[in-house]
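S.K.: The listed protein sequences correspond, in order, to chains R and Z. Start counting at 1 in the first sequence, then tack on 1, and there's your number in the working numbering. Start counting at 1 in the second sequence, then tack on 1, and there's your number in the working numbering. Ideal Cβ placement from N, Cα and C applies to all residues, glycine included. Everything numeric in this text was worked out from a predicted model, so none of it was measured.
Number of protein chains: 2
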Amino acid sequence: MNTLKIGSTSNASAAAGAVANTIREEGIAELQAIGPKAVNQAVKSIAIARGYVAPSGLDLFFVPSFVDVEIGGETKTALRFTVRSRTPVTSLRPRTRKGTTKEETAAEQSWEDI
Amino acid sequence: MNTLKIGSTSNASAAAGAVANTIREEGIAELQAIGPKAVNQAVKSIAIARGYVAPSGLDLFFVPSFVDVEIGGETKTALRFTVRSRTPVTSLRPRTRKGTTKEETAAEQSWEDI
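1. Can you give the Cα-Cα distance for Met2 of chain R and Val44 of chain R, rounded to whole angstroms?
2. So for Arg81 of chain Z, helix, strand or coil by DSSP?
3. Considering only C-alpha positions, which residue in the set R:Glu75, R:Pro65, R:Gly73 and R:Thr76 is nearest to Val84 of chain R?
4. Distance, Cα to Cα, Ala34 of chain R vs Val40 of chain R?
5. Using a Cβ-Cβ cutoff of 7 Å, what residues of the segment 57-87 of chain Z are near chain R? List them in chain order.
6. Within 9 Å of any Cβ in chain Z, is that where the Cβ of Ala17 of chain R sits?
7. Does the beta carbon of Pro89 of chain Z come closer than 9 Å to any beta carbon on chain R?
8. Please list, in chain order, the residues of the segment 2-34 of chain R that have any C-beta partner in chain Z closer than 7 Å.
9. Determine the contact status of Arg25 of chain R and Val54 of chain R, defining contact as a CB-CB distance below 9 Å.
10. Note the first and the last residue of the continuous beta strand (DSSP E) segment covering Ile29 of chain R.
11. To be precise: take each residue of the segment 40-53 of chain R, compare its Cβ to all Cβ atoms of chain Z, and keep it if any distance is under 9 Å. Which residues remain?
12. Under 9 Å between the Cβ atoms of Thr10 of chain R and Gln42 of chain R?
13. Have a look at Z:Ser14, Z:Glu75, Z:Glu27 and Z:Val68 and flag the residue whose alpha-carbon is nearest the alpha-carbon of Ala48 of chain R.
14. Excluding the five sequence neighbours on either side, which residues of its own chain have a C-beta within less than 6 Å of the C-beta of Ala19 of chain R, listed in chain order?
15. Please confirm whether Leu32 of chain R and Ser14 of chain R have their CB atoms less than 9 Å apart.
16. So the beta strand (DSSP E) Pro65 of chain Z belongs to, where does it begin and stop?
17. Tell me Lys6 of chain R's beta-bridge partners as DSSP assigns them.
18. Looking at C-alpha atoms only, which residue of Z:Gly36, Z:Val90, Z:Ala16 and Z:Arg87 is the closest neighbour of Val70 of chain Z?
19. If you drop the 5 nearest sequence neighbours on each side, which residues of the same chain put their C-beta closer than 6 Å to that of Ala30 of chain Z?
Pasting the structure below:
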C-alpha cells in the first residue's frame, strides 16, 4: 500500500480525491503528515473524501498513530492516518472500474445512476 | 454529550485522558478544534487515547466533519472529531467504575489485573 504524504501546502480536495480512489481500489488508504499544518490538511482531506464516497455507501473513518520517519538524516515524528470504510468496499468495486480516474466525477456519476 | 474543545495550547495527554474517560462513560466522545495547531493537538490526543484504552480491549477510531461555530460574532469553520470504539465499550464498564478518575492509572490497573 502506498502512503500518501500530505504536506502543509497540499490541496485538501486533491488529497481527498486520492484518498477516495485508493479506498475504492484497495479498501484502505494511508496518509502521513508532519507538523500541524500538514495534519490539518490531512484531516480536512478525509472529511472531504467522506463526501466523495458517501454516495457509494462508504462510511470512512480513520485511526491515527505516531510513526518515526527519517528526513534528511533527522528523525521526526509523523502522524499516520489509516483510513477505512465502516461499510464493505468490495461490493462497490465494479462500479468504480467503469469510470474515469477523477474521483469527483465518479462520485457524481454514481449519483446519476441511482 | 459534551464536546471537548481543543485549543492550540491544549495538552494532548490531558485531552487524551478526557477522551478515554468520556468513551468509557458514554461510549462516544466528540472533540472540536479550530485552526491547524488545535487540529494537530486533537489528532495527537486521540492517538494517545488509543493507547490509554487499548489495554481494555477498546480500538478507537474517529470520523472528522466540518462544523460552523460562532465565536465573538464571527462564524468560523471548526473540525469536529467523533470518536468511537470499533469494539464494544459496554462490557468493560464495570472495570472502569472501580478505579480512580485518572485515566492513565486506570489503564495501568487493568494491565495489572490480567
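M.R.: With the given structure in hand:
1. Translated into positions along the first sequence, residue 2 of chain R becomes position 1. Translated into positions along the first sequence, residue 44 of chain R becomes position 43. Rounded to the nearest angstrom, the two C-alpha atoms are 19 Å apart.
2. The count along the second sequence starts at 1 and reaches residue 81 of chain Z at position 80. DSSP places Arg81 of chain Z in strand when its eight states are reduced to three.
3. By 1-based counting over the first sequence, the position of residue 84 of chain R is 83. Cα-wise, what sits closest to Val84 of chain R is R:Pro65.
4. Walking along the first sequence from the start, residue 34 of chain R turns up at place 33. Walking along the first sequence from the start, residue 40 of chain R turns up at place 39. Straight through space, the alpha carbons of Val40 of chain R and Ala34 of chain R are spaced by roughly 5 Å.
5. Taking 7 Å as the cut-off between beta carbons, the residues of the segment 57-87 of chain Z near chain R are Phe62, Phe63, Val64, Pro65, Ser66, Phe67 and Leu80, in sequence order.
6. If you number the first sequence from 1, residue 17 of chain R lands on position 16. By this cut-off, Ala17 of chain R is not an interface position.
7. Counting from 1 along the second sequence, the entry for residue 89 of chain Z is found at position 88. By this cut-off, Pro89 of chain Z is not an interface position.
8. None of the residues of the segment 2-34 of chain R has a beta carbon lying less than 7 Å from any beta carbon of chain Z.
9. Position 24 of the first sequence, counted from the first residue, corresponds to residue 25 of chain R. Position 53 of the first sequence, counted from the first residue, corresponds to residue 54 of chain R. Annotated as proximal: Arg25 of chain R and Val54 of chain R, with beta-carbon spacing under 9 Å.
10. Reading the first sequence from its first residue, position 28 is the one you call residue 29 of chain R. Unbroken beta strand (DSSP E) run through Ile29 of chain R: Ile29 to Ala34.
11. Cβ contacts with chain Z come from Val40, Asn41, Gln42, Ala43, Val44, Lys45, Ile47, Ala48, Ile49 and Arg51.
12. For the purposes of this step, residue 10 of chain R is taken as the residue at position 9 of the first sequence. For the purposes of this step, residue 42 of chain R is taken as the residue at position 41 of the first sequence. In this structure, Gln42 of chain R lies closer than 9 Å to Thr10 of chain R by Cβ.
13. Counting from one through the first sequence, the residue named residue 48 of chain R turns up at place 47. Checking every option, the nearest Cα to that of Ala48 of chain R belongs to Z:Val68.
14. Here the question's residue 19 of chain R lines up with position 18 in the first sequence. Listed in chain order, the non-local C-beta contacts of Ala19 of chain R below 6 Å within the same chain comprise Leu5, local neighbours out to five positions each way being set aside.
15. In the first sequence, counting from the first residue as 1, residue 32 of chain R sits at position 31. In the first sequence, counting from the first residue as 1, residue 14 of chain R sits at position 13. Cβ distance not < 9 Å, so Leu32 of chain R and Ser14 of chain R don't count as in contact.
16. Counted from its first residue, the second sequence places residue 65 of chain Z at position 64. Leu61 to Ile72 is the extent of the beta strand (DSSP E) around Pro65 of chain Z.
17. Taking the first residue of the first sequence as position 1, residue 6 of chain R is located at position 5. Paired residues: R:Gln33.
18. Taking the second sequence and counting its residues from 1, one reaches residue 70 of chain Z at position 69. From the listed residues Z:Gly36, Z:Val90, Z:Ala16 and Z:Arg87, the smallest Cα separation to Val70 of chain Z is found for Z:Gly36.
19. Position 29 of the second sequence, counting from 1, holds the residue named residue 30 of chain Z. Same-chain partners within the cutoff: Val20, Thr23, Ile24 and Val84.
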